[in-house]
Amino acid sequence: MYVLGLSGSPRRHANSESLLDEVLLGAAAAGAETEKLIASRFRKLLPCVNCGHCLKTGRCIVDDEMQEVYPKLEAADALVVASPIYFMNVSAFLKILIDRCQCYWSRKYVLKEPLFPDDPGRIRKGLFLATSGHDKPVVFKGARMTVKSMFDVLEVEYFDEYFAVSIENPGDVWKMPGAAETVHALGGRLVRALQEGRQ
Ligand SMILES: Cc1cc2nc3c(=O)[nH]c(=O)nc-3n(C[C@H](O)[C@H](O)[C@H](O)COP(=O)(O)O)c2cc1C
221 MYVLGLSGSP RRHANSESLL DEVLLGAAAA GAETEKLIAS RFRKLLPCVN CGHCLKTGRC
281 IVDDEMQEVY PKLEAADALV VASPIYFMNV SAFLKILIDR CQCYWSRKYV LKEPLFPDDP
341 GRIRKGLFLA TSGHDKPVVF KGARMTVKSM FDVLEVEYFD EYFAVSIENP GDVWKMPGAA
401 ETVHALGGRL VRALQEGRQ
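If you want it as structure tokens, here you go:
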């Protein structure tokens with residue numbers, strides 16, 4: 221069981237990444253192998269330019285750091301995406317990575333190729349974690365739709381989400397009563413759901 225975390229915050233070890241860490245700890249405690257990628261570390265990652273190559277091949281031709289990310293996205297049994305809300309969506313670092321998943325859209329909807337030809341019934345699940353400065357949960361609406369559409373092209377079921385409002389300074393998220401316990405348990409629940417789905 222391989223759980224891949226994607227962190228969208230450019231602030232290392234701040235709020236959304238801390239939530240992700242706790243989910244990954246919960247997943248590891250339930251027996252999963254975990255890995256975390258920091259989107260802001262991919263300094264050479266180019267945005268999708270709609271070159272059209274993937275419409276014909278289902279693969280992205282742009283030779284940059286994304287070529288190391290694609291195999292991980294495909295290998296993951298579960299994806300955990302964590303982001304601060306920036307102008308009502310995920311951070312730009314994460315959005316670039318998500319847009320580069322357009323090749324999976326081409327594969328699925330244009331070329332009608334299965335993502336996992338050797339394992340057509342493969343079950344994958346995903347979580348979305350986010351923190352916002354505002355105090356109204358409506359701010360997560362746009363980001364949730366973006367992450368859901370990423371999960372859709374990657375054939376990942378949107379398993380659950382955890383959102384924290386009124387979070388500004390690093391560490392704020394841990395002032396929320398029960399936050400650490402809740403997200404730790406979420407990581408365990410994710411792995412157990414996958415294990416049960418496989419039986
Ligand atoms: C560029 C930028 C845009 C932001 N846009 C929003 C927004 O649209 N809505 C909101 O509630 N908070 C917004 N915020 C606040 C962050 O979402 C909030 O501080 C978040 O908890 C930071 O997460 P982090 O600690 O993981 O970096 C924005 C912050 C920045 C720096």
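Going letter by letter, the sequence shown gives residues 221 to 419 in the working numbering.
Even for Gly, the Cβ is constructed at its ideal location relative to N, Cα and C.
Check, Outcome
"Scan the segment 248-311 and note each continuous beta strand (DSSP E) run of 3 residues or more that stays entirely inside, going in chain order.", "253-258, 298-304"
"Across which residues does DSSP place T351 in a beta bridge pair?", "P304, A384"
"May I ask you to check if the CB of F383 is nearer than 8 Å to at least one heavy atom of ligand 1?", "no"
"Once the 5 residues before and after C321 are set aside, which same chain residues still bring their CB inside 6 Å of it?", "M370, V373"
"Assuming L335 and E375 make a contact with CB atoms under 8 Å, what is their CB distance in whole Å?", "5 Å"
"Looking at the secondary structure, which residues open and close the alpha helix (DSSP H) in which G362 lies?", "361-373"
"Shortest alpha-carbon distance to I318 belongs to which of K332, V330, A302?", "A302"
"Between which residues of its own chain and L266 is the CB-CB distance below 6 Å, once the five residues before and five after are set aside?", "V282, D284"
"Does the Cβ-Cβ distance between G228 and S236 come in under 9 Å?", "yes"
"Which residue marks the beginning of the beta strand (DSSP E) containing Y324, and which one marks its end?", "Not the beta strand (DSSP E): Y324 falls in the alpha helix (DSSP H), residues 322-325."
"Give the single residue among N309, K264, W325, D297 whose Cα lies nearest to the Cα of Q287.", "K264"
"Should M365 be listed as close to ligand 1, given that the test is whether its C-beta is under 8 Å from any heavy atom?", "no"
"Look at the alpha carbon of E381 and the alpha carbon of V310, and state the distance between them as a whole number of angstroms.", "14 Å"
"Output the residues surrounding ligand 1, defined as those with a CB atom closer than 5 Å to any ligand heavy atom, in chain order.", "S229, R231, A234, N235, S236, P304, I305, Y306, F307, M308, T351, S352, G353, H354, V359, I387, E388"
"Along the chain, where does the beta strand (DSSP E) that runs through G391 open and close?", "G391 -> no beta strand (DSSP E), and no H or E assigned at all."
"Is it buried or exposed, D338, if we count other Cβ atoms within 10 angstroms and call 16 or more buried?", "exposed"
"Please name the residue, chosen from M365, W325, L314, that lies closest to C280 on a Cα-to-Cα basis.", "W325"
"If contacts are defined as beta-carbon pairs under 8 Å, then F379 and P357 qualify, I think. What distance do you get, rounded to the angstrom?", "Contact flag wrong, Cβ pair sits at about 19 Å."
"Which partner residues of L317 appear in the DSSP bridge assignment?", "Answer by DSSP bridge pairing: none, since L317 is not bridged."
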